[in-house]
């Protein structure tokens with residue numbers, strides 16, 4: 055599998071429009087960026103490729119990183135920064151199978167798959183395939199498994215992707231630190247883990263709800279209720295025994311040293327698994 059990180063940022067990206075903070079200015083000076091989240095995965099044996107999430111920046115991302123148009127897509131949840139790129143299927147693709155969870159979200163009364171089908175009912179190119187959590191399905195010659203994570207109030211899913219060689223990519227999806235044990239089992243032992251890490255724990259003091267899921271030293275592993283801190287993501291990676299970890303969904307609030315540190319991903323990174 056050839057894995058390209060198309061988008062590694064949060065909902066506003068880095069640099070954020072209209073922002074002149076040190077981190078946004080550093081991104082401009084270094085000619086790096088974090089657009090909204092999306093991952094391109096190519097099966098080099100078959101020549102097929104798919105996306106995990108299709109952000110509003112999809113057109114730009116596909117052009118910038120010179121990757122192939124996707125044959126299929128997996129959508130993890132219904133926040134706009136993860137699915138609104140599906141509109142780009144119009145006139146670009148003859149058809150686009152879209153895989154999403156079939157489990158009903160109590161908050162919305164419908165599954166992620168059902169929401170996508172209704173939201174994009176005007177696009178004949180999209181063909182939505184509901185998938186049951188924890189049940190593996192085939193996509194572009196590899197196997198994917200959606201697993202529930204914690205991103206209240208809406209249902210959200212991480213996933214594990216494995217090819218016939220045993221190479222494994224795990225993606226936490228948008229989540230706090232309280233990933234269920236059954237989901238952790240599926241995500242464990244990845245060659246590459248992409249872990250949600252929006253800010254360092256020290257910034258929890260700025261969130262109205264503070265931080266939660268503290269470790270033994272009192273360091274919050276969740277920022278508010280929806281996303282992991284840097285410390286939380288790295289702690290989860292250690293528990294999951296990931297061979298390599300890249301932090302994604304990173305905001306522009308950390309300092310430049312934190313935002314562009316050892317573990318934090320930026321757009322365009324590519325990995326062969």
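Numbering (the numbering used here), first residue to last: 55 to 327.
C-beta: ideal position from N, C-alpha, C; glycine also.
Note that the coordinates shown come from a computational prediction; the quantities given were computed from them, not determined experimentally.
When the distance is taken between beta carbons, is residue j closer than 8 Å to residue i?
| i | j | result |
| --- | --- | --- |
| residue 57 | residue 246 | yes |
| residue 253 | residue 289 | no |
| residue 212 | residue 241 | yes |
| residue 149 | residue 181 | yes |
| residue 61 | residue 239 | no |
Can you tell me whether residue i is helix, strand or coil according to DSSP?
| i | result |
| --- | --- |
| residue 68 | strand |
| residue 220 | coil |
| residue 204 | coil |
| residue 260 | helix |
| residue 198 | strand |
| residue 165 | strand |
| residue 76 | helix |
| residue 114 | helix |
| residue 97 | strand |
Return the bridge partner residues of residue i from the DSSP annotation.
| i | result |
| --- | --- |
| residue 185 | 155 |
| residue 108 | None, per the DSSP bridge assignment. |
| residue 324 | 58 |
| residue 250 | 302 |
Rounded C-beta distance between residue i and residue j? I'm assuming under 8 Å.
| i | j | result |
| --- | --- | --- |
| residue 68 | residue 77 | 6 Å |
| residue 158 | residue 131 | Wrong, their Cβ atoms sit about 14 Å apart, outside the cutoff. |
| residue 229 | residue 250 | 6 Å |
| residue 303 | residue 139 | Not confirmed; about 16 Å, so no contact. |
Nearest to residue i by alpha carbon, out of the options?
| i | options | result |
| --- | --- | --- |
| residue 146 | 117, 211, 285, 192 | 117 |
| residue 235 | 314, 293, 218, 268 | 293 |
| residue 259 | 149, 307, 110 | 307 |
| residue 261 | 243, 282, 190, 244 | 282 |
| residue 141 | 173, 115, 168, 154 | 173 |
| residue 153 | 164, 113, 168, 144 | 168 |
| residue 80 | 324, 143, 315, 323 | 315 |
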